[in-house]
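Everything on this sheet refers to the single structure shown next.
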Amino acid sequence: MDITHNFFNFFSKKKTIITIGTFDGVHIGHQKIIAQLLEASKKQNEVSVILTFFPHPRMVLQKDHEVKMINTLNEKSKLLENLGLDELIIHPFDKDFSRLTAFEFVRNVLVNQLNISKLIIGYDHHFGKNREGNFEQLQEYGTMFDFELEEIPAQNLNNVTISSTKIRKALLNGDIEKANNYLGYHFMLTGVVVKGKSLGTKIGFPTANINIEESYKLIPKPGAYVIKATIDTVRYNGMLNIGNRPTVEGKHQTIEVHFFDFNDDLYGKRIQVELLKFLRDEQKFDSLDDLKMQLQKDKITAQKIASKF
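Have a look at this one:
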C-alpha cells in the first residue's frame, strides 16, 4: 500500500475507485465498505483508494480537543494496509478545506485530481461545506462527471448499528469484549517503553511502562486488563494496568504491562499490546503486600483467560 500525504501529491494514470471517511477504528462496518472497494477495483482493474483526513474534522471545526481516536494514524494505516488497499491518501483537514462546497470537492478533488471512476460510500454519508453533500447530490454529480456511485447499507451486529462513537463508549466503560466484537479485531495500545519507578519489580511483578505519544489516542477505562503482545515475532500474554497507582499515591495516569514468562529489557522499544478482557477496576490497597496478593490472583485469572485466545 502506498501512503500519500495531501491529495495534491497523488497522481494515477489508471482510473481510481474511491471511498471517503475518517475510518476511525476501521471497524467491521468500515471493513464491509472496504471489501466492496477492493472487489470493484479488482474486477475493473483499477486502483483502490481511501481518502481520509487528519486531524479529525471535529478537532478543527468544533475545537473539540476532547475527542479521542480509537486508532492512531499509524495504527489505522497498518490496519488498512492489512486489508489489501492499494492507496491511502491522508489529507490535512483545515478550515480552508472545510469551505469547499460539495460540487467543488467532487469536481476539483475526486474528478480532476484523483481520476475517479467509481465512488463507494457508507450509509448516510455527507460531505462538503456544512455537510451539504448527500447521496442524491452525488448521483447528480456522477452523471455530470461520468463516475459510478454505490452506497453500502448500514452494517449491523445483533441489530445494533455499529459506529465509532459506540465503540469509544464501550472502551470508556471497560467493555472491551463489545468493542472488540464491533472492531473485528482486538483494540490496541501502541507506545514506547519508558523507565518507571520499578515498584513492580520490588513486589515480583516487573512492568513495562508504555508512553503513548499521541495525545488524541483514546485510553480505555482505568483498571486491570488481560492482554497479549507480539515481541520479536513471539507472542506473550500478560496483564495491563491503566490508572494513577493509588496504593503508592500516584499522581499521573500510567499504562503498565506485566508479561508472563518474559524477562528481557524493553526500554526504548515500541510495542503494541492488544486488550482481550477487562479484569477489575483500579483499587487502592492498604499495603504493597495486599497489592501483591491481588496481583497474584489477577495473574492466575488472566492466564486462564489468555489461554482461550
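Throughout the sequence shown, residue numbering follows the numbering used here, covering 36 to 344 in sequence.
Backbone N, C-alpha and C fix where the C-beta goes; we use that ideal spot for every residue, glycine too.
For residue j and residue i, believed in contact at Cβ under 8 Å, the rounded distance
i, j, result
"Phe295", "Tyr271", "7 Å"
"Leu275", "Glu291", "7 Å"
"Val228", "Tyr176", "With 8 Å as the limit, Val228 and Tyr176 do not qualify as a contact, their Cβ atoms being about 49 Å apart."
"Ile55", "Ile156", "7 Å"
"Gly231", "Ile247", "Not a contact, Cβ separation roughly 14 Å."
"Ile340", "Ala243", "That pair is no contact at about 20 Å."
"Leu135", "Leu154", "Between Leu154 and Leu135 the Cβ distance is about 16 Å, and since that is not below 8 Å, they are no contact."
"Ala205", "Glu167", "That belief does not hold up - the Cβ atoms of Ala205 and Glu167 are roughly 32 Å apart, past 8 Å."
Buried versus exposed, by CB contacts within 10 Å (16 or more), residue i
i, result
"Leu330", "buried"
"Met179", "exposed"
"Gln66", "buried"
"Asn109", "exposed"
"Ala337", "buried"
"Val269", "exposed"
"Gly239", "exposed"
"Phe128", "buried"
"Phe88", "buried"
"Ile335", "exposed"
"Met328", "exposed"
"Leu72", "buried"
"Lys78", "exposed"
Span separating the alpha-carbon of residue i from that of residue j
i, j, result
"Leu192", "Thr57", "With a pLDDT of 46 at Leu192, under the threshold of 50, the predicted position of this residue should be treated as unreliable, and no value is reported."
"Gly119", "Glu74", "11 Å"
"Leu273", "Gly258", "In the sequence as displayed, the identity of residue 273 is Gly instead of Leu. Computed Cα separation, rounded: 14 Å."
"Thr265", "Gly235", "22 Å"
"Asp299", "Ile125", "37 Å"
"Val141", "Leu311", "42 Å"
"Lys48", "Asn117", "24 Å"
"His221", "Glu309", "6 Å"
"Glu171", "Val144", "19 Å"
"Lys332", "Thr51", "55 Å"
"Asn80", "Ile277", "47 Å"
"Leu207", "Glu186", "31 Å"
"Lys343", "His40", "40 Å"
"Lys237", "Phe45", "54 Å"
"Asn150", "Phe162", "19 Å"
"Asp267", "Asn216", "27 Å"
Sequence-distant residues of the same chain with beta carbon closer than 7 Å to residue i, five excluded per side
i, result
"Gly60", "Ile105, Asn106, Ser199, Ile202, Leu218"
"Glu212", "Lys312"
"Gly209", "Pro255, Lys256, Gly258, Phe313"
"Lys252", "Lys103, Met104, Thr107"
"Pro90", "Phe128"
"Ser322", "none"
Close beta carbons around residue i, own chain, < 8 Å, minus the five adjacent residues each side
i, result
"Leu115", "Met36, Phe58, Val61, Ile69, Ile85, Leu123"
"Ile96", "Reading the sequence as shown, one finds Leu at residue 96 and not Ile. So the list reads Lys130, Ser133, once near-sequence residues are dropped."
"Val146", "Phe180, Phe182"
"Asp121", "Met36, Asp37, Ser76, Val82, Ser83, Val84"
"Arg432", "Lying before the first or after the last residue shown, residue 432 is absent from the chain, which here runs from 36 to 344."
Collapsed DSSP secondary structure at residue i in the structure displayed
i, result
"Ser83", "strand"
"Ser133", "helix"
"Val61", "coil"
"Ile69", "helix"
"Asn191", "Only weak support exists for where Asn191 lies, its pLDDT of 48 falling under 50; the coordinates are left without a value."
"Thr200", "helix"
"Tyr271", "strand"
"Glu249", "coil"
"Ile105", "coil"
"Tyr260", "strand"
"Phe43", "helix"
"Gly231", "coil"
"Glu167", "coil"
"Pro92", "helix"
"Glu317", "coil"
"Thr289", "strand"
"Gln172", "helix"
Other residues of its chain near residue i: CB distance less than 6 Å, five sequence neighbours each side excluded
i, result
"Lys304", "Val228"
"Gln148", "Phe42"
"His293", "Phe240, Thr242, Gly273, Met274"
Residue i at chain D interface by Cβ criterion, 9 Å
i, result
"Ser152", "Looking at the structure shown, chain D is missing, and only one protein chain is on hand."
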